[in-house]
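Q: Chains as they are written, first to last, in the working numbering: chain C, 8 to 188; chain X, 8 to 188. All C-beta atoms in this analysis are idealised placements derived from N, C-alpha and C, irrespective of residue type, glycine included. My questions will all concern the structure given below.
Number of protein chains: 2
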Amino acid sequence: MEKRDYSLTEAWGEAVQVMHRSGLLLVSADATGKPNVMTIGWALLGIVWAKPILTALVRPSRFTYGLVDLAGDFTVNVPSPDMDDIVQYCGTMSGREHDKFAERRLVVIPARQVHSPIIDQCLLHYECKVVHKNDVNPQMLAPDIVSNYYPRDDYHRIFFGEVVSVYGVPDFRQRASGLRL
Amino acid sequence: MEKRDYSLTEAWGEAVQVMHRSGLLLVSADATGKPNVMTIGWALLGIVWAKPILTALVRPSRFTYGLVDLAGDFTVNVPSPDMDDIVQYCGTMSGREHDKFAERRLVVIPARQVHSPIIDQCLLHYECKVVHKNDVNPQMLAPDIVSNYYPRDDYHRIFFGEVVSVYGVPDFRQRASGLRL
């Protein structure tokens, strides 16, 4: 199905619903173009420095961390409802040991404006260029978050991506709205 | 007009439109309850640490900075179209020298779940409790952003607020959509 452009926030409500229910797929690539994918359940979207911004959080232990850090861009892909098992798989297996694309027949195609590719089967895509990086600082974090999420001190790096393109299937909002609990 | 609850992302698209066009009003308060208001043009919304999160950026030079830092909460209020001049005023005058509420007849009323009040005339309100603070790090920031926004090295503090309540006028989306350029 032909995909169309979306405005920055047009589909964010539904994307957050999908993220909350199952997850979104963050794709990055190394210098040779070899891609990796991980599942994310946390992200923010809005405007900072007068730019459209999407932030994603990645732990230093993740294979994705080095890729995004070096390549300086990533894509966030909203999966379709029938990809739930893939989303779960991509959230538990590491790209260091698994070719998740081949194993789960994920089709990667070039993005429009960034080095990292997109996943063709997904319904919506955010292409992001990193303009700022910051690390979660345990000294300024609520104690319950520290104990719940950081027992091993592996604090996330927060990647602030300038959103350079948003596009997806024309009926994304309807298809994603159908997922609301 | 009676206000109703909104889901986290339900009105974010329209709130970003208003923010981009004129600005949103961030309200904080000191220990005695005395409020202050500033205009913000930058914010992000989504989920982090499995919590609904709204981030706002405040420069250390701002009067608001110390208030939010100490009180640990703030509200973000979406103004109505007829408040454009107030939004501009609140973005240029400091609460150190001006009682912006009295001067512009802004009515503050208690928030539902946080210490900082809300502005009654506004159409929509996000009540936020700070769960993380982080400072923009010039070492990991795009050079064009450094030169455009930080000639005086006054890097923003990023306040990550857990959104504990969202509510507004029932017809907020329609009224805000009417503002689209």
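1) Could you pull out every residue in the same chain whose Cβ sits closer than 7 Å to the Cβ of G53(X), ignoring the five residues on either side in sequence?
2) Starting from the Cα of A63(C), find the closest Cα among Q120(C), D80(C) and A57(C) and give me that residue.
3) Do L33(X) and V25(X) have their CB atoms nearer than 9 Å?
4) Compare the C-beta of L188(C) with all C-beta atoms of chain X and state if any pair is closer than 9 Å.
5) Counting contacts by CB-CB distance shorter than 9 Å, is Y195(X) in contact with chain C?
6) Under the rule that 16 or more other beta-carbon atoms within 10 Å means buried, what is L188(C), buried or exposed?
7) Could you check where the beta strand (DSSP E) with R119(C) kicks off and where it finishes?
8) Can you tell me whether E9(X) is helix, strand or coil according to DSSP?
9) Give me the subset of the segment 147-180 of chain X whose CB atoms are less than 7 Å from a CB atom of chain C, sorted by chain position.
10) Put C129(C) into one of helix, strand or coil per three-state DSSP.
11) Determine the direct distance from the alpha carbon of K41(X) to that of H29(C), and round the result to whole angstroms.
12) Could you tell me how far apart the beta carbons of T71(C) and M45(C) are, in whole angstroms, since I believe they sit closer than 8 Å?
13) Pair every Cβ in the segment 138-158 of chain C with every Cβ in the segment 91-107 of chain C, then say whether three or more of these pairs are closer than 8 Å.
14) Per DSSP, what kind of secondary structure is L64(X) in: helix, strand or coil?
15) Keeping to the same chain, check which residues put their C-beta closer than 8 Å to that of A18(X); ignore five residues upstream and five downstream.
16) Can you find a CB in chain C that lies within less than 9 Å of the CB of G53(X)?
17) Just the C-alpha distance for L74(C) and N43(C), rounded to the nearest angstrom, thanks.
18) Drop a sphere of 10 angstroms on the beta-carbon of N141(X), count the other beta-carbons inside from all chains shown, and report buried for 16 or more, exposed for fewer.
19) Are R164(C) and D37(C) close, meaning C-beta to C-beta below 9 Å?
20) Determine the DSSP secondary structure at L188(C), reduced to helix, strand or coil.
A: Answer, in terms of the structure:
1) I60
2) D80(C)
3) no
4) Confidence at L188(C) is low in this model, with a pLDDT of 38, below 50, so its placement is unreliable and the value that follows should be read with caution. No, L188(C) does not count as interfacial toward chain X.
5) Lying outside 8 to 188, the shown extent of chain X, residue 195(X) is not represented and no answer is given.
6) Its pLDDT being 38, under 50, L188(C) is placed unreliably in this model, and the coordinates cannot settle the point.
7) That residue, R119(C), is in no beta strand (DSSP E); it is neither H nor E in DSSP.
8) coil
9) M147, L148, A149, I152 and Y156
10) coil
11) Checking the sequence shown, residue 29(C) turns out to be Ser, not His. The alpha-carbon atoms of S29(C) and K41(X) are separated by roughly 43 Å.
12) 5 Å
13) no
14) strand
15) V85, L131, V173, G175, F179, R180 and A183
16) yes
17) 8 Å
18) buried
19) no
20) Summary for L188(C): the model assigns pLDDT 38, below 50, so the residue's position carries little reliability; its value from the coordinates is reported in the next sentence. It is coil, neither helix nor strand.
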